[in-house]
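> Below you'll find the structure I mean.
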Amino acid sequence: MPLMKRNIISFAQLSFSNVIKTMTIRQRMAVFILIAVIFSMSLMGFIRMRIMSEHLMNERNSKIDVTVELAAMSLSDPLWNYNELGVAISCEALFRDKEIGLVIVTANQQEMYRRHNSDPIYFIENLTMVEKEIVKDARNIGTVTVGFTKYYLENRLHQAVFTDLIIVLLTLLLLWILISFIVLFVTKPIYALGQGTEDIAKGNLEKRLQIEYEDEIGDLARKFNVMAEKLGQAHNEMERRVERRTQELSASNQELMSVNEEMLAMNESLQQTLEELQKTQYQLIQSEKMAALGGLVAGVAHEINTPLGNSVTMASYLRSILDEFSILCAKGQVHRKELNDFISDEEEGLKSLEVNLTRAAKLVRSFKNVATDQMVEERQIFNVQLYLEEIILTLRSRLKKTRLQLVINCPEQLKWDSYPDVFVQIITNLIMNSLVHAYSSTDEGVLTFSFREEEEQLVIEYADDGKGMEETVCKKVFEPFFTTARSNGGTGLGLYIVYNLVTQKLHGTISCSSQLGAGTKFIIKVPLNSCIVSS
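Put into structure tokens, the structure is as follows:
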């Protein structure tokens with residue numbers, strides 16, 4: 007609310023300033039004088055109303071005090087003698103005052119008389135209640151309570167305000183007429199000066215003003231005429247110079263046109279070169295993504311070979327058991343022991359077959375999800391932890407060859423409305439970067455992923471405790487084709503692709519910090535409005 011109020015005030019000030027700037031001097035003088043008069047009269051009227059209001063209030067309070075005091079004195083004898091008729095007569099006399107709408111007389115904590123006028127102006131909320139003790143021979147024998155209506159006081163105030171308002175409006179009308187004549191008299195010569203300036207602006211340099219007054223306006227008119235004379239001379243001189251400069255510029259223009267043609271040719275050549283570089287960059291990025299997908303296929307093929315091989319072996323074994331049991335059945339030599347052995351072997355074999363085929367199906371399903379999302383850029387809502395586990399499962403063949411441990415700190419119900427293919431590429435490139443650069447084949451280490459919310463952003467932290475980097479190397483990790491392991495097949499595009507995906511696709515930020523021998527940390531921040539967290 008304070009901000010909205012400041013905006014409204016600023017808008018009003020700006021609008022008023024713009025309106026004032028578009029007014030003529032005559033209009034501005036009239037407006038400012040009228041505003042000053044209205045402000046002065048409003049201030050005087052306000053002061054007068056305050057004084058009148060205080061006077062009426064003091065007059066009414068004095069009247070109330072006198073009335074209540076007289077009522078208490080007139081009721082002392084009847085109340086002392088417990089004369090109810092006398093009390094009633096004294097109280098009824100009070101109602102001759104039209105401002106009194108309620109009278110209550112009590113004696114010994116009991117109401118002896120009560121009358122309340124039913125007219126709406128005498129409702130309790132419209133009354134000023136005054137209570138007075140009734141004293142006889144210095145003894146308190148009761149109380150009288152009188153209610154005075156505020157209606158007549160407010161009516162008098164309203165009439166006074168209305169009268170003052172009529173006077174103010176009539177005064178403003180007369181002042182406006184007077185101000186109009188004064189402003190017209192003052193601004194007429196200024197208007198003539200402005201008309202002369204407009205004629206000169208239109209090219210009539212022979213225009214001269216008539217001097218009618220020996221005052222500041224007349225002096226300004228004389229100076230205007232001098233200025234018009236000098237402008238005519240300067241105009242003639244300027245025409246001669248313009249003609250000479252036009253000839254010089256025409257020659258220079260011919261030279262510039264020839265230079266411009268050369269620049270256009272160079273610009274076209276540079277544009278073609280830039281387009282070729284962009285195409286080459288896109289092809290390299292796609293090659294890197296396909297290479298990552300190829301490595302993913304090889305890893306999954308290696309992982310799936312073991313459960314499928316075990317399944318084939320177990321199927322052959324079950325087939326041999328079935329053949330032997332069929333021969334026994336044909337000879338009629340099946341006993342309870344042979345039947346129990348056959349059932350037991352079949353159950354164990356089928357259980358082993360189910361375990362191996364389930365494992366193979368899980369690998370195929372994970373590869374299908376990751377590979378499909380990596381090839382199709384479609385935005386969808388997915389569970390971060392479950393999807394991360396599928397990605398890690400597809401990289402299992404590469405991680406099994408190392409002595410590294412992977413740690414994931416992620417809320418189980420964290421969901422993200424984003425691009426799975428981008429998520430796959432980022433996670434895969436970060437892990438592969440650590441495998442290639444941070445550790446040797448015999449090193450032990452920990453790779454850690456952490457996900458959290460922070461200041462309306464989703465923060466992804468990835469850290470390894472490997473070799474680390476020098477500061478000069480750390481500053482270049484996101485540059486394209488920069489790599490320290492080119493002899494090992496590094497292309498220098500892995501982290502460059504990660505940087506582009508985070509900043510351009512996800513509209514986030516990524517930073518890298520590292521120390522030689524102390525590992526490396528990447529911090530990725532994306533807007534939180536693209537995240538959905540289930541309760």
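Mapping of the sequence shown onto my numbering: residues 7 to 541, in sequence order.
Don't be surprised by glycine CBs; every beta carbon is placed ideally from N, CA and C.
Quick one, which of Pro486, Glu268 and Tyr393 has its alpha-carbon nearest Leu283's?
Measuring from the Cα of Leu283, the nearest candidate turns out to be Pro486.
> In angstroms with no decimal places, state the Cα-to-Cα distance between Met244 and Met263.
Met244 and Met263: Cα-Cα distance of roughly 27 Å.
> Please tell me whether Gly412 and Ile397 are closer than 8 Å, where the distance is taken between their beta carbons.
What sits at residue 412 in the sequence shown is Leu, not Gly. No, the pair does not count as a contact, with Cβ atoms beyond the cut-off.
> With contact counted as at least three CB pairs below 8 Å, one residue from each stretch, are the region 116-134 and the region 145-160 in contact?
Verdict: yes, contact present.
> For the alpha helix (DSSP H) that contains Cys480, what are its first and last residues?
Counting along the chain, the alpha helix (DSSP H) containing Cys480 begins and ends at Glu477 to Cys480.
> Can you give me the C-alpha to C-alpha distance between Lys285 and Lys511, rounded to a whole angstrom?
Roughly 18 Å between the two C-alpha positions.
> Could you tell me the alpha carbon to alpha carbon distance between Leu49 and Thr177, rounded to whole angstroms?
Computed Cα separation, rounded: 15 Å.
> What is the rounded straight-line gap between the Cα of Leu420 and the Cα of Leu534?
The alpha-carbon atoms of Leu420 and Leu534 are separated by roughly 12 Å.
> Tell me whether Gly523 sits in a helix, a strand or coil according to DSSP, three-state version.
If DSSP states are grouped into helix, strand and coil, Gly523 belongs with coil.
> How long is the line joining the alpha carbons of Leu522 and Lys473, rounded to whole angstroms?
The alpha-carbon atoms of Leu522 and Lys473 are separated by roughly 6 Å.
> Pull up the DSSP beta-bridge partners for Val111, would you.
Paired residue(s): Tyr119 and Val150.
> Hey, out of Thr448, Val136 and Gly107, whose CA is closest to Pro126's CA?
The shortest Cα separation from Pro126 among Thr448, Val136 and Gly107 belongs to Gly107.
> Beta strand (DSSP E) containing Ala469: first to last residue?
Element bounds for Ala469: Gln463 to Asp470.
> Taking the alpha-carbon positions, what's the Thr28 to Arg34 distance?
Each residue's alpha carbon lies about 9 Å from the other.
> Do Arg385 and Tyr425 count as a contact pair if the criterion is CB distance below 8 Å?
Going by C-beta atoms, Tyr425 is nearer than 8 Å to Arg385.
> Since Asp449 contacts Arg409 with CB under 8 Å, what's their CB separation in whole angstroms?
With 8 Å as the limit, Asp449 and Arg409 qualify as a contact, their Cβ atoms being about 7 Å apart.
> Taking all protein chains shown into account, do 16 or more other C-beta atoms lie within 10 angstroms of the C-beta of Thr489, making it buried, or fewer, making it exposed?
With 16 or more other Cβ atoms within 10 Å, it is buried.
> Cα separation between Ala271 and Phe484?
Taking the straight line from one Cα to the other gives about 34 Å.
> Comparing C-alpha positions only, which one of Ser350, Leu436 and Phe455 sits nearest to Val390?
Ranking Ser350, Leu436 and Phe455 by Cα distance to Val390 puts Phe455 first.
> Can you list, in chain order, the stretches of the beta strand (DSSP E) that have 3 or more residues and sit fully within the region 416-450?
Taking only runs of at least 3 residues, the beta strand (DSSP E) segments lying wholly in the region 416-450 are 420-424.
> Return the chain-ordered list of same chain residues with a C-beta closer than 7 Å to the C-beta of Asp351, the five sequence neighbours on each side being excluded.
Ile327, listed in sequence order.
> Pull up the DSSP beta-bridge partners for Glu459, would you.
Note: Glu459 sits in a beta bridge opposite Leu464.
> In terms of DSSP beta bridges, what is Arg579 paired with?
Since the first and last residues shown for the chain are 7 and 541, residue 579 lies out of range.
> Can you check which of these residues, Gly451, His443, Tyr393 and Glu204, is closest to Gln431 by C-alpha distance?
Answer by Cα proximity: Tyr393.
> Quick one: is Lys138 buried, meaning 16 or more other Cβ sit within 10 Å of its Cβ, or exposed?
So Lys138 ends up on the buried side.
> Mapping the DSSP letters down to three states, classify Gln386 as helix, strand or coil.
DSSP places Gln386 in strand when its eight states are reduced to three.
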